[in-house]
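Residue numbers (our numbering): 6 to 389. Glycine included, C-beta positions come from ideal geometry on N, C-alpha and C.
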Amino acid sequence: MPGGLLEHSSQPEALLVEARRIVIKIGSAQLIDKLTGHANMGCFHALAADIAGLRQRGVDVVLVSSGAVALGRPRLNLPTTRKLRLDEKQAAAAVGQTVLIQTWDQAFTPHGFHAAQALLSPSDTENRRRWLNSRTTLETLLQLGAVPVVNENDTVATEELRYGDNDRLAARVAQLVSADLLVILSDVDGLYDADPATNPDAVHIPVVDAITPDIAALAGPSRAGTAGTGGMATKIAAAEMAMAAGCSTVITRGDSERPVSALLEGVRATWFRASVSPESAKRVWIAGSLAPSGRLHLDEGATRAVKSGRSLLAAGITQVEGQFDRGSAIRLVDHAGQAFATALAGYDSHECRQIAGKQSDEIEAALGYRRGAALVHATDLVLD
Ligand code: GLU
Numbered sequence: 006m007p008g009g010l011l012e013h014s015s016q017p018e019a020l021l022v023e024a025r026r027i028v029i030k031i032g033s034a035q036l037i038d039k040l041t042g043h044a045n046m047g048c049f050h051a052l053a054a055d056i057a058g059l060r061q062r063g064v065d066v067v068l069v070s071s072g073a074v075a076l077g078r079p080r081l082n083l084p085t086t087r088k089l090r091l092d093e094k095q096a097a098a099a100v101g102q103t104v105l106i107q108t109w110d111q112a113f114t115p116h117g118f119h120a121a122q123a124l125l126s127p128s129d130t131e132n133r134r135r136w137l138n139s140r141t142t143l144e145t146l147l148q149l150g151a152v153p154v155v156n157e158n159d160t161v162a163t164e165e166l167r168y169g170d171n172d173r174l175a176a177r178v179a180q181l182v183s184a185d186l187l188v189i190l191s192d193v194d195g196l197y198d199a200d201p202a203t204n205p206d207a208v209h210i211p212v213v214d215a216i217t218p219d220i221a222a223l224a225g226p227s228r229a230g231t232a233g234t235g236g237m238a239t240k241i242a243a244a245e246m247a248m249a250a251g252c253s254t255v256i257t258r259g260d261s262e263r264p265v266s267a268l269l270e271g272v273r274a275t276w277f278r279a280s281v282s283p284e285s286a287k288r289v290w291i292a293g294s295l296a297p298s299g300r301l302h303l304d305e306g307a308t309r310a311v312k313s314g315r316s317l318l319a320a321g322i323t324q325v326e327g328q329f330d331r332g333s334a335i336r337l338v339d340h341a342g343q344a345f346a347t348a349l350a351g352y353d354s355h356e357c358r359q360i361a362g363k364q365s366d367e368i369e370a371a372l373g374y375r376r377g378a379a380l381v382h383a384t385d386l387v388l389d
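Set out below in structure tokens:
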């Protein structure tokens, strides 16, 4: 593919058929009766069945689920007639999150898999070291067959330091796990050229290939009265973030019988098609890292291995230059002293110095723990 650009077939549903890793976002408005705080079990079971179907096809699924505040609110007798203060929302989330995760686990168990609670705050995705940690945990959960159920860590979030809505959180998660499709289940079936609630002539837009200013301008404010936080504006912002990471996005209704399978039957939706793959988007991001903070010198064998697409092991390191954290961008230097690649460090500079030249099975003895054999994983490096 020239320049890593993707070509799309005319049927956007193909994006779902071909996806290997999907993030599904569902909001409080679909899952919870706002007044009673009761879970809408039909909705949980319908989505659980869809997720089971995807997993049977070998697709990895990560779920981003809202609902903690809506579930917790009536349980703490917090009024539904006014906006909650931040501390009240945090308290409600603390109570509601336990119910939310239990309800997902109950819905998944008959299908033979479990829900894994993952609460993230912006520092987990905006700080590189924590980004790597979060990614490793989610990867491990997927490998072990669980479905990560992600929500914002509302209980510790502050007004200035929160994602604020789960649309944006879902786009970050999609980027974190290199998903190729983000499914946003909503109370609307996609994007219109006017507000369909007030304008009967509003025309539905089935496919968007770029977020132009005209498309961004179509985002109206969130509709009042729903339990969720994000409106169309946050959904378009999420689609834009995901597309930049090579992840296509689809917005459709979450209240139908089998909302994800319905997409294959051509249910109304708006598909935002990414023009690059997650792999090439990540390569552009790594290669563009500003000011790499250190250098690893490789022996001849390691240079050859890395150039042929393999991970970098400790045994092939001859020298460590600079101070860097785990997850920082660094340069790799060949045996002749020539820098030839940019990479994300899997260990910090202090650890690298302790394990340089050692065999992989000696790492644990040298550090007292072991995080993996690769100092740099093959998917975290880009050759010049
Ligand atoms: N994290 C919030 C909750 O679980 C919801 C945020 C949102 O709906 O966008 O209640």
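Run the CB neighbour count on residue i, radius 10 Å, all protein chains shown included, and call it buried at 16 or more, exposed below.
i: E157; result: buried
i: H355; result: exposed
i: L170; result: One detail in the question is off: residue 170 reads as Asp in this sequence, not Leu. Buried, because 16 or more other Cβ atoms sit within 10 Å of the Cβ of D170.
i: V265; result: buried
i: A370; result: exposed
i: D366; result: exposed
i: L183; result: A small correction: the amino acid at residue 183 is Ser; Leu does not occupy that position in the sequence shown. Label assigned to S183: buried.
i: T203; result: exposed
i: D219; result: exposed
i: R331; result: buried
i: R288; result: buried
i: R273; result: exposed
i: P153; result: buried
i: L40; result: exposed
Measuring only the C-alpha atoms, how far is residue i from residue j?
i: C252; j: R278; result: 8 Å
i: A334; j: D129; result: 17 Å
i: E262; j: G47; result: 8 Å
i: P69; j: D339; result: One point to set straight first is that residue 69 is Val, not Pro, in the sequence displayed. Going by the C-alpha atoms only, they are around 42 Å apart.
i: V311; j: A267; result: 43 Å
i: R90; j: T160; result: 13 Å
i: A260; j: V381; result: Checking the displayed sequence, the identity of residue 260 turns out to be Asp instead of Ala. Approximately 43 Å, taken between the alpha carbons.
i: V22; j: L269; result: 8 Å
i: S379; j: S139; result: Reading the sequence as shown, one finds Ala at residue 379 and not Ser. So the alpha carbons of these two residues sit roughly 17 Å apart.
i: Q97; j: D304; result: Checking the displayed sequence, the identity of residue 97 turns out to be Ala instead of Gln. Going by the C-alpha atoms only, they are around 56 Å apart.
i: A53; j: L59; result: 10 Å
i: A383; j: S298; result: 19 Å
i: D353; j: P283; result: 26 Å
i: E18; j: T257; result: 12 Å
i: A346; j: T108; result: 46 Å
i: H209; j: T239; result: 18 Å
i: T308; j: Q102; result: 48 Å
i: I241; j: L317; result: 38 Å
i: A286; j: S280; result: 10 Å
i: L1; j: A341; result: Because residue 1 is not part of the residues shown, which for the chain are 6 to 389, the question remains open.
i: Y197; j: W276; result: 12 Å
i: D206; j: T85; result: 34 Å
i: D201; j: G271; result: Looking at the sequence provided, one finds Pro at residue 201 rather than Asp. Each residue's alpha carbon lies about 20 Å from the other.
i: N82; j: L105; result: 17 Å
i: L166; j: A244; result: 21 Å
Do residue i and residue j have their CB atoms nearer than 8 Å?
i: R80; j: G42; result: yes
i: A292; j: Q180; result: no
i: R26; j: D185; result: yes
i: K88; j: I189; result: no
i: N45; j: D55; result: no
i: A112; j: F49; result: yes
i: A319; j: A350; result: no
i: V74; j: V178; result: no
i: A348; j: L372; result: no
i: A176; j: A123; result: no
For residue i, name the three-state secondary structure that DSSP assigns.
i: V306; result: With the sequence shown as reference, residue 306 is identified as Gly, and Val is not the correct amino acid for it. If DSSP states are grouped into helix, strand and coil, G306 belongs with the helices.
i: Q328; result: coil
i: I31; result: strand
i: V178; result: helix
i: D172; result: helix
i: V281; result: strand
i: D200; result: coil
i: F345; result: strand
i: T239; result: helix
i: G377; result: coil
i: G321; result: helix
i: D206; result: coil
Which residue comes first and which comes last in the beta strand (DSSP E) that contains residue i?
i: V267; result: Note that residue 267 is Ala in the sequence shown, not Val. Note, A267: premise wrong, no beta strand (DSSP E); alpha helix (DSSP H) at S266 to L269.
i: I189; result: L186 to S191
i: S139; result: Per DSSP, S139 belongs to no beta strand (DSSP E); it is in the alpha helix (DSSP H), R133 to Q148.
i: S253; result: S253 to R258
i: P5; result: Nothing can be reported for residue 5: it is not among the residues displayed for the chain, which extend from 6 to 389.
i: L386; result: L386 to L388
i: L76; result: First-last for L76: A73 to R80, but that is the alpha helix (DSSP H), not the beta strand (DSSP E).
i: Q122; result: A120 to L125
Please report the residue range of the alpha helix (DSSP H) in which residue i lies.
i: I37; result: Neither: I37 is in no alpha helix (DSSP H) and is coded neither H nor E.
i: L372; result: I368 to L372
i: I216; result: From DSSP, I216 is part of no alpha helix (DSSP H); its letter is neither H nor E.
i: R60; result: M46 to Q61
i: Q102; result: L91 to F113
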